[in-house]
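Engineer: In this text, residue positions in the sequence shown follow the working numbering: the first is 32, and each later residue adds one.
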Amino acid sequence: MVNLGIVGSGQMGQGIAQVAVLAGHQVFLYDSFPQIAEKAKQKILEKLAKLQDQLKITSQQYDSASLSLHTQDKLTGLKSCNIVIEAIKEDYALKQQLFKELSTINNKGILATNTSSLSVGKISQAVQNPERFIGLHFMNPVPMMPLVEVISLENTNSDVLKQSMDFCQTINKTVVQCKDQPGFIVNRILLPMINQAICALEEGLATPEDIDTAMNLGANFPMGPLRLADFIGLDTCLAIIQTLKDNGENLTFSPSKLLVKMVNEGKFGKKSKQGFFTYE
Ligand SMILES: NC(=O)c1ccc[n+]([C@@H]2O[C@H](COP(=O)([O-])OP(=O)(O)OC[C@H]3O[C@@H](n4cnc5c(N)ncnc54)[C@H](O)[C@@H]3O)[C@@H](O)[C@H]2O)c1
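1) Measuring straight from C-alpha to C-alpha, what distance separates Gln127 and Gly249?
2) Going by C-alpha to C-alpha distance, which of Gly214, Asn203 and Leu82 sits closest to His168?
3) Is the beta carbon of Gln85 closer than 8 angstroms to that of Asn171?
4) Just checking my contact of Leu129 with Glu117 at CB under 8 angstroms: how many whole Å lie between their CB atoms?
5) Taking 7 angstroms as the cut-off, is the C-beta of Gln42 nearer than that to any heavy atom in ligand 1?
6) Which residues mark the beginning and the end of the beta strand (DSSP E) in which Asn34 is found?
7) For Glu121, is the beta carbon positioned less than 7 angstroms from some heavy atom of ligand 1?
8) With DSSP collapsed to three states, give me the class of Gly152.
9) Mind reading off the beta-carbon distance from Ile119 to Gly39? Whole number of angstroms is fine, and I expect it under 8 angstroms.
10) Which residue marks the beginning of the beta strand (DSSP E) containing Glu240, and which one marks its end?
11) So what does DSSP say about Gly255, is it helix, strand or coil?
12) Does DSSP put Gly166 in a helix, a strand or coil?
13) So what's Gly108 in DSSP terms, helix, strand or just coil?
14) Could you tell me the distance, in whole angstroms, from the CA atom of Glu162 to the CA atom of Gln212?
15) At what residues does the alpha helix (DSSP H) containing Glu77 begin and finish?
16) Using 8 angstroms as the Cβ pair cut-off and three pairs as the minimum, do the region 65–83 and the region 91–99 touch?
17) Return the chain-ordered list of same chain residues with a C-beta closer than 7 angstroms to the C-beta of Val179, the five sequence neighbours on each side being excluded.
18) How about Ile229 and Ser287: do their beta carbons lie closer than 8 angstroms?
19) Please return the same chain residues whose Cβ sits closer than 6 angstroms to the Cβ of Gln103, not counting the five positions on each side in sequence.
20) Quick one: give me the first and last residue of the alpha helix (DSSP H) that Ile88 is part of.
21) Measuring only from the beta carbon, is Tyr61 closer than 7 angstroms to any heavy atom that is part of ligand 1?
22) Please state whether the Cβ-Cβ distance between Gly255 and Thr244 is less than 8 angstroms.
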């Protein structure tokens with residue numbers, strides 16, 4: 032059993048917390064806004080209750096998972112966690128500032144970033160004892176997506192790598208290891224495609240519905256690229272595309288103007304209820 036700290040109680044933090052409590056770990060959720068962590072806890076409990084109603088988990092599993100889910104209103108509350116996973120905004124300065132503080136508070140645990148595209152090595156520069164630092168890139172929505180990309184650095188301790196992979200196994204995730212390069216495997220391939228879908232919309236090639244239907248039925252995608260972008264979060268999509276553009280020698284595209292406009296207007300996709308589609 033792991034005492035798992037999670038920093039950032041947004042969609043990724045909540046998903047990781049949900050699968051971890053169901054696997055029998057103790058989870059401590061933190062957010063820079065305590066009310067967000069509390070709200071996140073309530074949302075996870077609602078999801079667990081729904082799973083129980085659907086007979087996907089038993090009442091004992093619900094009880095034990097809900098008792099294992101805690102919030103912390105200070106970062107110092109993660110002092111003794113064995114593993115802390117960061118899932119805050121995709122921004123170097125914010126992540127480095129967080130790890131600088133966190134690594135002095137928690138000086139023994141494994142520290143992991145869930146960054147989608149930023150350099151794990153660059154973030155690790157802010158960490159005291161960076162040999163305990165690793166990238167664990169979960170996919171969204173975490174309860175449904177069975178993959179974790181594991182990014183270990185040259186100086187990542189082999190025990191840290193092993194314990195991180197063991198932890199992923201306890202939550203029923205399949206791991207793939209990859210180098211610390213922008214976008215890792217999935218986003219390096221996925222985001223250029225999403226960006227092209229947005230460019231096609233911007234050019235007036237087809238409606239959002241028809242672009243998504245074309246990729247559903249013509250390329251056998253379970254979800255069209257525009258809806259997928261909404262689910263990822265358009266602000267996160269833009270941050271990843273920007274990182275790929277800033278770092279990629281072969282990636283000659285720029286973020287679609289429409290994507291930049293929508294993010295500037297606060298249209299972040301499903302999480303803000305408005306993206307290419309509208310969500311209740
Ligand atoms: N959305 C996805 O599909 C996806 C998939 C894999 C990885 N990621 C990565 O996970 C991270 C989080 O993404 P998300 O979609 O959950 O974002 P989100 O916007 O849903 O949640 C981010 C949360 O972090 C909190 N936060 C911001 N700065 C903080 C700080 N300094 N300390 C504590 N909390 C802070 C915010 O209040 C917010 O609740 C990003 O790095 C993103 O790239 C996202």
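Cβ atoms here follow ideal geometry from the backbone N, Cα and C, with glycine treated the same way.
Fair warning: this is a prediction, and the values are worked out from it, not measured in the lab.
Structural biologist: With the structure as the only source:
1) 42 angstroms
2) Gly214
3) no
4) 6 angstroms
5) yes
6) Asn34 to Val38
7) yes
8) helix
9) 4 angstroms
10) Unbroken run through Glu240 is the alpha helix (DSSP H), Pro239 to Gly249; no beta strand (DSSP E).
11) coil
12) strand
13) helix
14) 18 angstroms
15) Pro65 to Asp84
16) yes
17) Leu167, His168, Phe169, Cys199, Lys204 and Val206
18) yes
19) Phe59 and Tyr61
20) Per DSSP, Ile88 belongs to no alpha helix (DSSP H) and is neither H nor E.
21) yes
22) yes
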